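Written out below as structure tokens is the structure these notes cover.
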Amino acid sequence: MFDISSIQALFNGNAVKQRQHFRNRIKERNIKKIDVAQALLSGEIIEECPNDLPLPSILILGYTKANKPLHIAVGVDDDIIWLVTAYFPTLDKWEADYKTRKG
Numbered sequence: 359m360f361d362i363s364s365i366q367a368l369f370n371g372n373a374v375k376q377r378q379h380f381r382n383r384i385k386e387r388n389i390k391k392i393d394v395a396q397a398l399l400s401g402e403i404i405e406e407c408p409n410d411l412p413l414p415s416i417l418i419l420g421y422t423k424a425n426k427p428l429h430i431a432v433g434v435d436d437d438i439i440w441l442v443t444a445y446f447p448t449l450d451k452w453e454a455d456y457k458t459r460k461g
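Residue numbers for the sequence shown, in the numbering used here: 359 to 461.
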């Protein structure tokens, strides 16, 4: 349903907004905005949630400049994306590929 190149084009075109939750989480998790950009622009969609409300959402796996895996949850509107949250996935919840949830 979603295409990573379309998401990246919206991001590159500044058709992106940040939820307050996103700003709070990256601050408390010490995630730099440049790392979010790097991961989103080099990433791939690993989960799609077309029935999420208020907007369909996706989970992107990308890597920071330091080659650290980063997950970014994105709400997708027709012509804008919303950054919802970002976090460094851990092996207690994710398989070693960081694409597959455990359990």
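In this text, a Cβ means the ideal position worked out from N, Cα and C, and glycines have one as well. Keep in mind it's a predicted model, so treat the numbers as computed, not measured.
_My parser needs the alpha helix (DSSP H) runs of 4 or more residues fully inside the region 369-444; what are they?_
The DSSP assignment places complete alpha helix (DSSP H) segments of no fewer than 4 residues inside the region 369-444 at 378-386, 391-400, in order along the chain.
*From Ala454 to Ile362, what distance separates their C-alpha atoms?*
Looking up residue 454 in the sequence shown gives position 96. Looking up residue 362 in the sequence shown gives position 4. Rounded to the nearest angstrom, the gap between the Cα atoms of Ala454 and Ile362 is 22 Å.
*Is it the case that the Cβ atoms of Ile365 and Val434 are separated by a distance below 9 Å?*
Here residue 365 is taken as the residue at index 7 of the sequence shown, counted from 1. Here residue 434 is taken as the residue at index 76 of the sequence shown, counted from 1. Cβ atoms of Ile365 and Val434: closer than 9 Å.
*Report whether the distance from the Cβ of Glu453 to the nearest heavy atom of the ligand FAD is below 8 Å.*
In terms of ligand content, the structure shown is empty, and the ligand FAD therefore cannot be addressed.
*Taking the C-alpha atoms as reference points, what is the distance between Pro427 and Thr448?*
Within the sequence shown, the letter at position 69 stands for residue 427. Within the sequence shown, the letter at position 90 stands for residue 448. For Pro427 and Thr448, the distance between alpha carbons rounds to 9 Å.
_Short Cβ contact (9 Å threshold) for Ile404 with Tyr456_ = Stepping through the sequence shown from its first residue, residue 404 is reached at position 46. Stepping through the sequence shown from its first residue, residue 456 is reached at position 98. The Cβ atoms of Ile404 and Tyr456 sit closer than 9 Å to each other.
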